[in-house]
Structures are given as structure tokens and as C-alpha cells.
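Input: a single structure, listed below in C-alpha cells.
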Ligand SMILES: C[S@@+](CC[C@H](N)C(=O)[O-])C[C@H]1O[C@@H](n2cnc3c(N)ncnc32)[C@H](O)[C@@H]1O
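Residue numbers (the working numbering): 1 to 311.
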């Protein structure tokens, strides 16, 4: 068995759940056949679950095709993917901003996922931005050169070792993925944040409609599927997005997700919270497992430190 000092993360991605993964996974039941992530992003939850061997198989989906394809290349072709990154990374010496802009134009033309890995490593905080035509338009972080090739290689090999031969990849709308879920699977959903500007969110390639999402959850309840949803957030007194309705009979857990760096800069001391919702079938399953295994009785879980590293 491979012993890893930390959980590998090749992809920098805004909204990644890597720092909360160990808390979220407390609510994962035993003996899961397949962990399904319809809104996988950087697949932080899948990677963390695989590191703990929590499921027999994994399904990674994201509507953003180059992103889902990049995850597949990392898992199935780690050597080539790491070498390609190293080559592109080494070419940036000289005028690195000009180099970034050239790679970005090439990515927008070809949609080559391997170029996307470099752009995500080099752009500001891994935060993807798209214009109305779906073109990636985020600027480079001028103070950093992106993950060193050797570190990237270690992360890529680590993820491949965890997920190879047990993971499926796709780039479909989340509803098509939900249709595949079975009773022994667990679905983890982290949909795009609800912005103020309706369902078009420049932060991700596509947003989703709140009502359509709720309709999908009603259907999952009817099929008795176990699922977890990360939804909404609040900072201080401010709530972002809508809560999920009571008739879904979800168990809501509030996670303290750390301090907002923006508020700290402005001298405000505000803590960000995130809600986790557990489906009725999942809650029933967890209630039948030993009580020290999960934290259902505790409705609130506070992390001692933001940005915890995995030991
Ligand atoms: C909040 S991010 C997920 C972040 C992820 N939990 C992580 O740890 O990196 C939401 C993701 O949903 C994807 N997405 C948006 N609309 C979608 C849809 N209709 N079906 C599937 N994925 C979608 C976006 O491309 C984005 O990567």
C-alpha cells in the first residue's frame, strides 16, 4: 500500500473543498460502492476519499470538459501529463506574462486540457474566469510562476496511484450523472455558487438553476439515494444563496470554514460558514452505524484552524 505524507492536489481550483474534505468525509457511510461527484471541479473530495479507501469505485464528472478530461489524463497518463507540464512551465522563462497569454490563446483555440493545467497553476488563486463566449479570460498571477514541475509530478503520480483502474470520467450535465446513482453509492454535490446575477456565473463555465436543482433532489429522495450537498454559505451575518427547502427533509450541518481573507484585510473579523445537507437515506444509514463513526448528533462542527494541512 502506498503511504502518502499528504493528500496530492495537482489542480489549483477556486472553491476547492480540499481544506474541508476531512470533515465532509465524516458523513460518508461505510461500504460505498461508488462515490459520485457530478460537480467534481478539482475532485478534492474524491481524492481525499480514495486516500482513505472509502469507496470501491469513483465517478468524476464536470460539465467543464477540459477540466474533466484533465483529471482523466492525470489518472490514466501521469508520466506524459507531468512531462507536458514541465515542458510548458520551463518555456515561461523570459517574458512569462507573454508566455501565459500565448498558452491561454492556444487553450481557447484547442481546448487542450494539458494547457489548462498550466493556466490553473499560473492564474490568480486558481480562479477560473470565462467571458460570455465561454473563453477562458483569467489573467496570470504576476508574482508567482506556478507549481514547480517536480511538485506537480509528485501530485500527479499520487492522484494516479489513488484512482487508476477504479474511476470513470465524464463531462455531462449533473442530471445525467444522477440518473446513474444506485442505493449503495454516495453522491457528493458541490454545485456552482449562487451568484447575484442569476444562473450565469463567470466564475465557472456554467451555473445551475436553483429550482432545477431542487427538482433533481426530490427525484433522488424518491429513489432513496444517499447524497451530500454543499450549498450556500454565510459570512458574519450575511447569507449567500438560498437554503434548501425543508420538505426535502435534509439534515443540515453547519461547518465553520475559516476566516474570510478579504474581511481580515478590511479589519473585520468574520468567519465563513458552509452548510452541508445530508439526504434522508444517508441520515438513516449513518444512524445505524456505530456512534463514534460519525458526528450526526453534533449539529455544528468547528475547524480549529482555517486551511488545515492533512497529516
Ligand atoms: C463549486 S465547483 C466544485 C468544486 C469542487 N468541489 C472542488 O473541490 O474542486 C462547481 C463545479 O460545477 C461545474 N458545473 C457547473 N454547471 C454544471 C452542470 N450543469 N453539470 C455538471 N457540472 C457543472 C463547474 O464547472 C464547476 O467546476
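Ideal Cβ positions, reconstructed from N, Cα and C, are used throughout, including at glycine.
Under the DSSP assignment, residue 275 falls in the beta strand (DSSP E) whose first and last residues are 271 to 278. DSSP places residue 159 inside the alpha helix (DSSP H), whose first and last residues are 149 to 163.
When the Cα atoms are used, residue 37 and residue 13 turn out to be separated by approximately 15 Å.
Going by beta carbons, residue 21 and residue 40 fall outside the 8 Å limit. Contact fails between the region 54 to 61 and the region 114 to 129, because fewer than three Cβ pairs, one in each stretch, are under 8 Å apart. Residue 245 is classed as exposed because its beta carbon has fewer than 16 other beta carbons within 10 Å across all chains shown.
For residue 279, the number of other beta carbons within 10 angstroms of its own is at least 16, and it is reported as buried. As computed with DSSP, residue 187 is found in a beta bridge with 36, 227. In this structure, the C-beta of residue 61 approaches ligand 1 to less than 7 Å from one of its heavy atoms. Residue 85 and residue 117 do touch by the CB rule: their CB atoms are close to 6 Å apart, below 8 Å. The shortest C-alpha to C-alpha distance from residue 252 to any of 272, 283, 136 is the one to 283. For residue 258, the secondary structure class from DSSP, reduced to helix, strand or coil, is strand.
When DSSP reads this structure, residue 251 sits in a beta bridge with 278. Assignment of residue 216 by DSSP, reduced to helix, strand and coil, places it in the helix class.
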